[in-house]
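A short write-up of the structure that comes next.
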Amino acid sequence: MFAIARKEAIQLVRDSRSMILAFLLPMLLILVFGFAITLDVRNIRLAVLDESMTPESRHLVDAFEESGYFSVERYLDRHGEADELLVGGRVTAVLVIPPAFAADLAAEGTARVQLLLDGSDANTATIALNYADAISHDFSSDVLPDWRTARRSISPELRVWYNETLESRNMIVPGLIAVLMSIIAAMLTSLTIAREWERGTMEQLAATPVHRVEVIVGKLMPYVGIGLVDVALATLVGVFLFDVPLRGSVSLLFAMTFLFLLGALGFGIFLSAVLKSQVLAIQASIMVTYLPAMLLSGFIYAIANMPPFLQVVSYAIPARYFITITRGIFLKGVGIETLWGSALGLAVYAVIGLGLALHAFRKELA
Amino acid sequence: MTSAAVSVRGLTRRFGEVVAVEGLSFEVKTGELFGIVGPDGAGKTTTLRMLAGVMRPSGGDALIRGRSVVSEPEAVKPHIAYMSQRFGLYEDLTVGENIAFYAELYEVPRSVLPGRLERLYEFSQLAPFEGRLAGDLSGGMKQKLGLCCALVHEPDVLLLDEPTFGVDPISRRDLWLIVHDMVARGTTVIVSTAYMEEAERCDRVALMNRGRLVGLDHPRRLHEGLGGEVISVRVSEPRRAVEWLAGVPHVRSAALLGDSMRIMLGDGEEAWSSVRTSLEEQGIAVLEAAPARPSLEDVFVELVERERSGKNPERSGND
Ligand SMILES: Nc1ncnc2c1ncn2[C@@H]1O[C@H](COP(=O)(O)OP(=O)(O)OP(=O)(O)O)[C@@H](O)[C@H]1O
Ligand SMILES: [Mg+2]
């Protein structure tokens, strides 16, 4: 068993293609996705028409700027300028603070501000709107925003998946880790058995007394290691580069990752053993994991909003459980007492994945 | 239990319509060097795969040291070594890593490993290449490495599928030296080959054609068992002679070989004299004639011919 694991590890390290698949690809994806999210919504170009000119109004502008999502491009003197800038596409949003802002806040406890948005890019407009909403709430729950779009109204159904709420950037990264691992794990092991069939080494291995369970477990070990390292790297990137909070237990995160990897890697081995061709196996693994993990796991679309049929289907998607767990650990800091249901889902998946792998792999030529 | 190291009984394997191996039966004694000879597609690989327990027979059985490859293939495996036709070396592992891997799989005790490695490196002359990737070795060295991997656990029975295929003559000789060395140490070896001259090195050979056994004996006795004889003849007009001989009684076959002719004659005391007379009647002068040792190839061609016309008494294991 350790002989197989060691052999597999040496081969992995020497095979640049596998190393790229194992480490570079997940890092690349998390950076691309992560930056796509954060760059898209950061630095929304904002113009400010401050008719109040009070310390309070300046605080509000500062709050917008400090959020990191808006960059104040210029200050305006009159309303007419706002339209010009928006129509000309030079800014995405204009924040209008009326003259009575500070006085209203003091007297009535509420105040109105206005945000004019360039609705031609509905996505950005929605994002900007959500951020502005959140920022003004943070500033004072008494500021009543009055948001308007300059050119088109935003219909409420129009949702942008990666930023439904201000929290979604945080939602994305933990979810992304789970989705990436779903895709990569099965892909990694889908090659391993098929490669040995293709190169004729399996015929040789089959003639040795090594037990087939040893072959499977031995082959699994290095990939479990890779998977754990991937999650560790992705977590570091998430926490330090994208400022995603990690509130829960790191060891629980890795324990759950381990459980998930057993199933996903086992499933990859199953495909590899059944198809006996590297090309077919990797295609099958992508087909089987990619779309479900993206679309049905709750990563892009909230499961609660899915049609009932798809909600049922989503129970069969292991990424669903893993996402619930990563989000729970990262964002809510919850432990196994809350996540046990999802952990059970992963455990069932691990049993099925390993079971299929053991069932499909025979030390025998057809 | 039988005293035979390998006992094959009615072994059969079908691939859909194709019958790759049909009712094969033979026994191999302990310490014997046993050859399986046959042309492409004869079923040699299929037979060895079944003996190695990596392919399930469609019918029949084979016992290796008394253990059935059908009912307990895993019990057979520790005692055998199998080197497939295209030996599956891990080309991205070094020579040393390949050998170490197989040593671990067969659970060779650490205490005896260094001694064995030394011996393997010595007779394979692979020591200087220990750190080289297997993929960077020449064909002959790859085969030697394959053999080293197969021998690291000192198997009782060694199954070799065309080990010298595509190997240069020097490496081929080296490989045979290793094989003979193993036999001298008491290992039972079953080796398949498509080279007739290699088969002559074996204690006994099984001749296979289209999945069937067409002959089984010591190479020399196979020659003798043919009856008749082979004569090497020089004549004045070899081309015309060969054509003419095709229809002459007593002549089984006639072929040109360089400037002489090889004639395989049927049984009968006066076969040669009647053929000679027939040639001379055609105005072809016989310049020189000497009996030749029939090669296994001659035997093979003849046995296949008999098998085809249904006259072969040695045909065995029919269903
Ligand atoms: N896996 C397989 N599927 C279908 N047919 C097969 C398979 N393996 C072998 N055969 C067929 O069985 C027959 C015997 O093949 P086998 O490989 O045993 O011959 P061989 O004597 O080893 O020939 P070679 O000298 O080419 O190695 C051939 O007709 C071959 O096409
Ligand atoms: Mg063959």
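Chains as they are written, first to last, in this note's numbering: chain A, 18 to 383; chain B, -3 to 315. All C-beta atoms, glycine included, are put in the ideal place defined by N, C-alpha and C. Small disclaimer: the values here were computed from a predicted structure and weren't measured.
- With respect to the 8 Å criterion, valine 113 of chain A and leucine 77 of chain A are not classified as neighbours on the basis of their beta carbons.
- Runs of the beta strand (DSSP E) lying entirely within the stretch 201 to 248 of chain A, each at least 3 residues long, are absent.
- For glutamine 81 of chain B, the distance from the CB to the nearest heavy atom of ligand 1 is below 7 Å.
- Nearest C-alpha to methionine 36 of chain A among A:Ala202, A:Arg216 and A:Ala223: A:Ala202.
- By the Cβ test, the stretch 185 to 205 of chain B is not in contact with the stretch 254 to 271 of chain B, since fewer than three Cβ pairs between them sit closer than 8 Å.
- Taking 7 Å as the cut-off, the C-beta of glutamate 158 of chain B counts as close to a heavy atom of ligand 2.
- For proline 287 of chain B, DSSP records a beta bridge to B:Ile227.
- In the DSSP assignment, aspartate 79 of chain A falls within the alpha helix (DSSP H) that extends over 72 to 83.
- Below 8 Å, enough C-beta pairs join the stretch 29 to 47 of chain B and the stretch 150 to 170 of chain B to call them touching: three or more.
- Annotation: the continuous beta strand (DSSP E) that includes threonine 184 of chain B extends over 184 to 189.
- Counting other Cβ atoms within 10 Å of its Cβ, glutamate 13 of chain B stays below 16 and is therefore classed as exposed.
- Around the beta carbon of tyrosine 332 of chain A, fewer than 16 other beta carbons sit within 10 angstroms, so the residue counts as exposed.
- Aspartate 157 of chain B is bridged by DSSP to B:Ser188.
- Boundaries of the beta strand (DSSP E) around valine 247 of chain B: 247 to 253.
- Under the 8 Å criterion on CB atoms, isoleucine 27 of chain A is classed as interfacial with respect to chain B.
- The C-beta of threonine 218 of chain A comes closer than 8 Å to at least one C-beta of chain B.
- With respect to chain B, the C-beta atom of lysine 293 of chain A has no partner C-beta closer than 8 Å.
- Cβ proximity to chain B below 8 Å picks out Glu213, Arg216, Gly217, Thr218, Met219, Glu220, Gln221, Leu222, Ala223, Ala224, Thr225, Pro226, Val227 and His228 from the stretch 213 to 240 of chain A.
- Under a criterion of Cβ atoms nearer than 8 Å, no residue of chain B is adjacent to lysine 349 of chain A; the nearest Cβ is some 45 Å distant.
- Bounds of the beta strand (DSSP E) holding alanine 1 of chain B are 0 to 11.
- Put simply, of B:Gly131, B:Gly136, B:Val24 and B:Glu225 the residue whose alpha carbon is nearest the alpha carbon of valine 247 of chain B is B:Glu225.
- Shown in chain order are the residues whose CB sits closer than 5 Å to a heavy atom of ligand 1: B:Phe11, B:Ala16, B:Asp36, B:Gly37, B:Ala38, B:Gly39, B:Lys40, B:Thr41 and B:Thr42.
- Within the stretch 40 to 124 of chain B, complete alpha helix (DSSP H) segments of at least 4 residues are found at 40 to 47, 69 to 72, 91 to 101 and 109 to 120, given in chain order.
- Burial check for tyrosine 92 of chain A: the Cβ neighbour count within 10 Å stays below 16, so the residue is exposed.
- Counting only the Cα atoms, valine 297 of chain B lies some 28 Å from methionine 79 of chain B.
- Residue state for serine 232 of chain B is assigned as coil, using DSSP reduced to three classes.
- Closer than 7 Å at the C-beta level to chain A, one finds no residue of the stretch 118 to 131 of chain B.
- Chain-order list of chain A residues neighbouring alanine 48 of chain B: Ala224, by C-beta distance under 7 Å.
- Residue-level contact check: leucine 89 of chain B touches chain A, since one or more beta carbons of chain A fall below 8 Å from its beta carbon.
- Interface with chain B (8 Å Cβ-Cβ cutoff): alanine 20 of chain A is included.
- Here the alpha carbons of asparagine 60 of chain A and tyrosine 148 of chain A stand approximately 11 Å from one another.
- Taken through DSSP and simplified to helix, strand or coil, leucine 282 of chain A comes out as helix.
- In the three-state DSSP reduction, lysine 25 of chain B falls in the strand class (E or B).
- Alanine 211 of chain A is a Cβ neighbour of glutamine 295 of chain A, given a cutoff of 8 Å.
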